[in-house]
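There are 2 protein chains.
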Amino acid sequence: MPRRGRVKKEGPESGEDSDEYRKRRDRNNLAVKRSRVKSKQKTQETVNRVSELRNENTVLEEKVKTLTKELGFLKELFLAHASNNVDASKFEGVNFQKLFEDNSSAGTSNDNINNTS
Amino acid sequence: MPRRGRVKKEGPESGEDSDEYRKRRDRNNLAVKRSRVKSKQKTQETVNRVSELRNENTVLEEKVKTLTKELGFLKELFLAHASNNVDASKFEGVNFQKLFEDNSSAGTSNDNINNTS
DNA sequence: TTTAATTGCGCAATAT
DNA sequence: GATATTGCGCAATTAA
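Sequences listed follow chains A and B, in order. Residue numbers for the first sequence follow UniProt numbering, so the first one is 1 and each next one is one higher. Residue numbers for the second sequence follow UniProt numbering, so the first one is 1 and each next one is one higher.
Right, dumping it as structure tokens:
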């Protein structure tokens, strides 16, 4: 990136008579203001975006927690029932072992159902 | 917030001899640079934070999706079994109706178990 | 080429 | 008193 900024402090070097020069300076100064306002807005929006995302994140984490609990509850229910007096045939070959393994990252593939009959 | 920035273009007004003045100016210019570097770093970190949060968010959303599917699968399993030929007594008073209502936002309160026997 | 937008830099007022 | 921030203007560069 090439050099920028003032190096010398000469007078209106880029221009002609002070008249046109000033017009150009004034216009540029306005452009600079616009640009800086825009820049600050963007920064602020980014900061706000962080807040939004943190909120969404919290909600999602709670949701995961809740779902995990529900799932755990159902699994316990199943297992309790199964270990006590299961009539496994009624579930038509559902492989509970596999179903209740740690499959947090698994989809709902029907690998859990093997027609063992 | 009060006025800032140059208003006049006088010479070393805040100071004394050009010597001490320049020293002060130079030190301030360095401070300005440090301050602006820091500012840009902070902005960049905020931008990065947004990326991180978006990633976490995606992961969490997938997790919710997976868990929801698993839960749905178990519920269907339950219901299918229940509607076909349930021997509900084996579940010792579990209220399937309530259990399978939309309780995404509910905890794992044992309200689902009512000793109806 | 002309004009607007960005950006590095310095000044001075102000904030800490 | 010294450093840190910040509004503002200048000029160089870049983008339209």
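Note that CB positions come from ideal geometry on N, CA and C, so glycine has one too.
At a cut-off of 8 Å between beta-carbon atoms, N48 (chain B) makes no contact with chain A.
Taking CB atoms only, L67 (chain B) has a neighbour in chain A less than 8 Å away.
Separation of the CB atoms of V37 (chain A) and R49 (chain B) is rounded to 23 Å, and the pair is thereby denied contact status at 8 Å. In this structure, V64 (chain B) sits away from V32 (chain A), with a CB-CB distance that is not shorter than 8 Å. A distance of 8 Å or more separates the beta carbons of N57 (chain A) and E45 (chain B). Residues of chain A with a Cβ closer than 7 Å to the Cβ of E56 (chain B) are, in chain order, N57. Listed by position along chain B, the residues whose Cβ is nearer than 8 Å to that of V64 (chain A) are L60, K63, V64 and L67. Remark: C-beta atoms of L67 (chain B) and L67 (chain A) approach each other more closely than 8 Å. Taken atom to atom, the span from the alpha-carbon of F78 (chain B) to that of V59 (chain A) is near 28 Å.
A straight-line Cα-Cα distance of about 16 Å links E61 (chain A) and G72 (chain A). Among the residues of chain B, those whose CB is under 9 Å from the CB of L71 (chain A) are L67, E70, L71 and L74, following chain order.
Close to L53 (chain A), with beta-carbon spacing below 7 Å, are these residues of chain B in chain order: V50, L53, R54 and N57. In this structure E20 (chain B) is exposed. Its beta-carbon is surrounded by fewer than 16 other beta-carbon atoms within 10 angstroms.
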